[in-house]
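Since the structure comes first, as structure tokens, the remarks are kept for the end.
Number of protein chains: 2
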Amino acid sequence: MVKHTGRPGYLQIADDLRAQIRGGSLAPGAPLPSTAKLAEQYDASLSVVKLAVGVLRTEGLVIGQQGKGVFVRDAEEQPPAADSTSEVAELRAAVQDLSLRLAKVEEQLATSTTHRSGRGSR
Amino acid sequence: MVKHTGRPGYLQIADDLRAQIRGGSLAPGAPLPSTAKLAEQYDASLSVVKLAVGVLRTEGLVIGQQGKGVFVRDAEEQPPAADSTSEVAELRAAVQDLSLRLAKVEEQLATSTTHRSGRGSR
DNA sequence: CGAGCCAACTAGGTTAACTATGTTGCTCAC
DNA sequence: GTGAGCAACATAGTTAACCTAGTTGGCTCG
Chain A
1 MVKHTGRPGY
11 LQIADDLRAQ
21 IRGGSLAPGA
31 PLPSTAKLAE
41 QYDASLSVVK
51 LAVGVLRTEG
61 LVIGQQGKGV
71 FVRDAEEQPP
81 AADSTSEVAE
91 LRAAVQDLSL
101 RLAKVEEQLA
111 TSTTHRSGRG
121 SR
Chain B
1 MVKHTGRPGY
11 LQIADDLRAQ
21 IRGGSLAPGA
31 PLPSTAKLAE
41 QYDASLSVVK
51 LAVGVLRTEG
61 LVIGQQGKGV
71 FVRDAEEQPP
81 AADSTSEVAE
91 LRAAVQDLSL
101 RLAKVEEQLA
111 TSTTHRSGRG
121 SR
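So the protein sequences, as listed, match chains A and B.
Numbering follows our numbering, with no gaps: position 107 of the first sequence is 107.
Numbering follows our numbering, with no gaps: position 116 of the second sequence is 116.
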């Protein structure tokens, strides 16, 4: 990274992208430049760019779609944030439930099919 | 990582630690085990543990202090709005992700093995 | 006895390489 | 012209290595 402000590079990039999103320069639905482009643009390594994007993903500001790109999340599908406590509890329960079911079904899939067929693709 | 649920290892660890924090098993102010300990405990590489802790740091659940350790943040000193929104966003993303994968894997299971099964589940 | 140094342990940051997986567009055979 | 297949490019995850820097406790030396 360029600036030597003491703030780590991946956070600087994350800050910058966040500002562009909040500022509207990166509209909802718009794709971020690719990892490689960002790396070149900020004169950073691929790794720090990936870290930066990871931060934004964790924050829920962007959504990464494998094979396609990373897109700015729509404001509407973001935080209603009504009363979060109950919602958080509910979501947490849902996650736990889904994880369990997934684990179970995936295990069964692994034991039942050893070859794993052509995996559909498009 | 142990479980092969499809959910990435660093998120599994982050989930687990988050649950311990929310559940009170890791009280505010208490230190998390060191990176090395966690790596051994979860049978994961140092890298994924660092990623997991990084997620919790971005979420504001813990605060890392270089040279000392990583400590659970006090609930009061948490930024309520920002924190809950980001967490809701993250949980929502997790639900979406899990649902998608579950659907995919269940479909695969249905097509590859037409009989098999007991387990009613849903 | 006390001051200072040093070794061990801690988190944090950076980079690079490899793998997996998904998407898209082009080409080529038919 | 259509479809299959492939190459190129995308994100995502994992691992490993190296470096920085802060903290702490013990040990040595004056």
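Ideal placement from N, C-alpha and C gives every residue a C-beta, glycine not left out.
- Bounds of the alpha helix (DSSP H) holding Q12 of chain A are 9-22.
- For the set A:F71, A:S25, A:G29, A:A30, the Cα lying nearest the Cα of V53 of chain A is the one of A:F71.
- Chain B places a beta carbon closer than 8 Å to that of V55 of chain A, counting this residue as a contact.
- When the alpha-carbon of Q65 of chain A is set against those of A:L26, A:G24, A:D43, A:S34, the nearest one is in A:S34.
- Against chain B, a Cβ distance below 8 Å from T35 of chain A picks out nothing, because the smallest value is about 17 Å.
- With respect to L61 of chain B, R18 of chain B sits close: the two C-beta atoms are nearer than 8 Å.
- In the DSSP assignment, G64 of chain B is bridged to B:V70.
- Only those residues of the region 58-77 of chain B whose C-beta falls short of 8 Å from the nearest C-beta of chain A are listed: T58, E59.
- Measuring C-alpha to C-alpha distances from K37 of chain B to each of B:K50, B:A27, B:G29, B:P28 identifies B:K50 as the nearest.
- A Cβ-Cβ separation of about 18 Å leaves V48 of chain B out of contact with I21 of chain B under the 8 Å criterion.
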